[in-house]
Amino acid sequence: MELLTGLLRRAGRLPLLAAKYRPWLDGNTPALHRIPVLRHSELAHVTEEVLALRAGGGASSLWAVGGSIAAPELSLLPQDLGVGQLRDSWQPLGPTDVLANLHPLERLRPNHHFFNRFAAESGALSLAFGRLPEGDHREWAELFTKVGVTALAAPPETVTQLLGVAASRPLPWLRTLLLGGMDLDPTPDRTLADSFPHTEVWRLYGCPATGTVAHRGPNCLGDVYHPLPTQHVEIVGGLLVVTTLDPARNPPLIRFETEERGEYTHCVCGQPGPAVRLFGAMSPYFRLHGRTMSAQELVDLAVGTGDVLAAQVALDDSTRDERVQLRVRLAPGVPNDEYTLQWIRYQVLSKHLVLTSCVLEQSDAFEVVTADELAGTESPAMNGSTFSAGSVLVRDAF
């Protein structure tokens with residue numbers, strides 16, 4: 558209760574949160590479940606207030622949750638990204654390890670920095686390698702062997718490359734594989750076990766809005782994660798709601814509604830405390846290469862070009878090669894040709910803060926096509942699209 562009182566007091570220094578939590582700012586702290594949830598749009602607004610008021614409250618870093626260059630959805634995280642607190646609960650590395658960090662140094666994506674810091678906090682060496690090169694992988698595999706690499710941290714698109722490498726040559730030096738971070742890697746445990754039978758797989762779940770929320774080790778059940786002591790997780794209406802208890806978090810995160818579906822469960826690993834099973838993102842959010850995005854944002858960017866009347870995002874998650882298709886209905890007089898479609902694709906990619914870096918490794922992961930009809934029920938929308946949020950996302954193999 559004292560922790561919650563402190564969070565509310567700090568939240569009251571920011572205009573939007575002061576209005577949201579006014580009934581409880583006089584010291585009459587309620588039970589946590591009585592406080593209304595904090596939504597994505599509110600967090601983005603509050604972050605803007607922190608920046609405008611220069612109320613950072615200490616060293617921190619800005620990262621992209623989503624949004625576009627014109628309307629960014631940003632998040633402030635402590636400069637150390639919470640790795641010290643994570644290390645107390647999640648210990649895949651030790652002083653004898655050498656971690657090859659394969660996360661690319663992309664704009665507004667924190668995972669490269671996150672795993673470098675985590676290796677240092679663990680007393681391990683870190684080889685900040687970045688993106689794997691195209692072509693023959695023998696040279697980098699020989700380099701990793703030469704410098705004594707024992708562990709890899711990799712994004713989902715690089716894990717796909719590693720699976721291809723493992724199919725032709727074993728990686729006996731790979732003792733530990735670290736997945737996730739400020740996102741969630743969807744690679745099935747069984748796929749990894751078949752390709753890396755002697756490798757321990759350690760996973761994290763989080764996002765740039767919350768930081769790292771939960772962890773799991775090689776002995777945990779599939780899709781089951783253990784919340785960190787600094788992250789209080791509720792399941793409300795089938796969605797994860799996160800309250801960050803770390804006082805370094807600014808703005809305070811009280812009952813933040815994530816886009817992740819889940820349920821309470823038990824894990825066989827024997828760790829004390831609660832566990833949650835994750836099911837995936839809730840529409841209109843979807844996941845591509847571990848990052849969660851809003852289908853509505855892509856639709857709005859397409860309509861904003863002036864060439865598109867309405868649009869819809871379709872997902873093909875029937876295979877491991879995740880793909881996203883933006884289906885558009887063109888405005889009258891706009892030519893239906895390859896140049897137009899590539900122009901719309903370029904406009905969406907160049908303006909979205911997250912999508913571009915997700916398709917660098919797989920250029921066909923995102924395409925724009927025309928469609929005579931779009932699935933769902935048409936209804937007017939404030940953003941100019943003719944489709945409601947519940948119909949901008951469909952799952953359809955293509």
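Once you know that position 389 of the sequence shown is 946 in the numbering used here, the rest is easy, because the numbers rise by one and skip nothing. Idealized CB from N, CA, C, for every residue including glycine.
*DSSP bridge partner residues for glutamine 869 (one or two, in chain order)*: Here residue 869 refers to the residue found at position 312 when the sequence shown is read from its first residue. BP columns for glutamine 869 point to Arg884.
*valine 951 by DSSP, collapsed to three states: which one?*
Here residue 951 refers to the residue found at position 394 of the sequence shown. Reduced to three states, the DSSP call for valine 951 is strand.
*asked:* Can you find the residues in the same chain that come closer than 6 Å, C-beta to C-beta, to glutamate 924, ignoring five residues on each side of it along the sequence?
replied: Residue mapping note: residue 924 aligns to position 367 of the sequence shown, counting from 1. If we look at glutamate 924 and ignore the five residues flanking it on each side, its Cβ neighbours are Gln882.
*Report the residue from Thr604, Arg596, Arg902 whose alpha carbon sits nearest the alpha carbon of arginine 570.*
Stepping through the sequence shown from its first residue, residue 570 is reached at position 13. Ranking Thr604, Arg596, Arg902 by Cα distance to arginine 570 puts Thr604 first.
*Give a yes or no on contact between the segment 777-796 and the segment 830-837, applying the rule of three or more CB pairs nearer than 8 Å.*
yes
*alpha helix (DSSP H) runs wholly inside the segment 654-728, at least 4 long, in chain order*: 668-678, 695-704, 713-725
*What first and last residue would you give for the alpha helix (DSSP H) that runs through leucine 912?*
Start at 1 with the first residue of the sequence shown, and residue 912 comes out as number 355. 912-915 is the extent of the alpha helix (DSSP H) around leucine 912.
*asked:* If the criterion is Cβ atoms closer than 8 Å, does the pair leucine 684 and alanine 657 meet it?
replied: Residue mapping note: residue 684 aligns to position 127 of the sequence shown, counting from 1. Residue mapping note: residue 657 aligns to position 100 of the sequence shown, counting from 1. It is a contact, given that the beta carbons lie within the stated cut-off.
*Determine, using beta-carbon pairs with one atom in the segment 627-641 and one in the segment 709-718, whether at least three such pairs fall under 8 Å.*
no
_Cβ pair leucine 595, arginine 812 closer than 8 Å_ = Here the question's residue 595 lines up with position 38 in the sequence shown. Here the question's residue 812 lines up with position 255 in the sequence shown. Yes, they are a contact pair.
*Look at the Cβ atom of histidine 846, then the Cβ atom of glutamate 879, and state whether they are nearer than 8 Å.*
Locating residue 846 in the sequence shown gives position 289, where the first residue counts as 1. Locating residue 879 in the sequence shown gives position 322, where the first residue counts as 1. Against a cut-off of 8 Å, the Cβ pair of glutamate 879 and histidine 846 comes out as a contact.
*Closer than 8 Å, CB to CB, is leucine 682 near chain B or not?*
Although the question refers to chain B, the structure presented lacks it and comprises just one protein chain.
*Nearest residue (CA-CA) to proline 808, options Ala677, Tyr842, Arg567*: Taking the first residue of the sequence shown as position 1, residue 808 is located at position 251. Selected option, being the one with the closest Cα: Arg567.
*Looking at C-alpha atoms only, which residue of Thr787, Leu810, Leu734 is the closest neighbour of glycine 774?*
Position 217 of the sequence shown, counted from the first residue, corresponds to residue 774. Of Thr787, Leu810, Leu734, the residue nearest in Cα terms is Leu734.
*Kindly indicate which residue of Cys826, Tyr842, Val825 has the alpha-carbon position closest to the one of glutamate 814.*
Walking along the sequence shown from the start, residue 814 turns up at place 257. Of the listed residues, the one whose Cα sits closest to glutamate 814 is Tyr842.
*asked:* Could you compute how far the alpha carbon of valine 865 sits from the alpha carbon of leucine 950?
replied: Indexing the sequence shown from 1 puts residue 865 at position 308. Indexing the sequence shown from 1 puts residue 950 at position 393. The straight-line gap from Cα to Cα measures roughly 17 Å.
_Given a cut-off of 8 Å on the beta-carbon distance, is the pair valine 905 and leucine 858 in contact?_
Counting from one through the sequence shown, the residue named residue 905 turns up at place 348. Counting from one through the sequence shown, the residue named residue 858 turns up at place 301. Cβ distance < 8 Å, so valine 905 and leucine 858 count as in contact.
*What residue from Leu796, Cys826, Thr801 has the CA that sits closest to glycine 819's CA?*
The residue you call residue 819 lines up with position 262 of the sequence shown. When only C-alpha atoms are compared, the closest one is Leu796.
*Distance between leucine 898 and glutamine 788 (C-alpha atoms, nearest Å)*: Reading the sequence shown from its first residue, position 231 is the one you call residue 788. Reading the sequence shown from its first residue, position 341 is the one you call residue 898. Spanning the two alpha carbons is a distance of roughly 43 Å.
_Short of 8 Å in beta carbon distance, which residues of its chain neighbour histidine 669, apart from the five on each side in sequence? Order them along the chain._
For the purposes of this step, residue 669 is taken as residue 112 along the sequence shown, with counting starting at 1. The answer, listed in chain order, is Asn658, His660, Pro661, Leu662, Glu663, Ala685, Gly687.
*asked:* Quick test of your reading: valine 716 and threonine 744, contact by CB under 8 Å. State the CB separation rounded to the nearest angstrom.
replied: Here residue 716 refers to the residue found at position 159 when the sequence shown is read from its first residue. Here residue 744 refers to the residue found at position 187 when the sequence shown is read from its first residue. Sure, about 5 Å apart at Cβ, within 8 Å.
_Just to confirm, is the Cβ distance from leucine 561 to histidine 602 under 8 Å?_
If you number the sequence shown from 1, residue 561 lands on position 4. If you number the sequence shown from 1, residue 602 lands on position 45. No. Outside cutoff.
*Would you report the Cα separation of serine 942 and leucine 855, rounded to the nearest angstrom?*
Translated into positions along the sequence shown, residue 942 becomes position 385. Translated into positions along the sequence shown, residue 855 becomes position 298. Reliability fails at serine 942, whose pLDDT of 42 lies under 50, so the model's placement of it is uncertain and no value is given.
*Give me the Cβ distance between glutamine 838 and threonine 849, rounded to the nearest whole Å; I'm assuming they're in contact under 8 Å.*
To locate residue 838, count along the sequence shown from 1; it is residue 281. To locate residue 849, count along the sequence shown from 1; it is residue 292. Checking the sequence shown, residue 838 turns out to be alanine, not glutamine. Correct: roughly 5 Å between the Cβ atoms.
*Could you name the residues of the same chain whose beta carbon sits closer than 7 Å to that of threonine 862, not counting the 5 residues immediately before and after it, in chain order?*
For the purposes of this step, residue 862 is taken as the residue at position 305 of the sequence shown. For threonine 862, where only same-chain residues beyond five positions count, the Cβ hits under 7 Å are Ile901, Gln904.
*Minimum C-alpha distance to lysine 577 - residue among Leu887, Ile592, Glu816*: Translated into the one-based positions of the sequence shown, residue 577 becomes position 20. The option with the nearest alpha carbon to lysine 577 is Ile592.
*Going straight from the alpha carbon of valine 891 to that of glutamate 816, what length do you get?*
Mapped onto the sequence shown, residue 891 falls at position 334. Mapped onto the sequence shown, residue 816 falls at position 259. Valine 891 and glutamate 816: Cα-Cα distance of roughly 35 Å.
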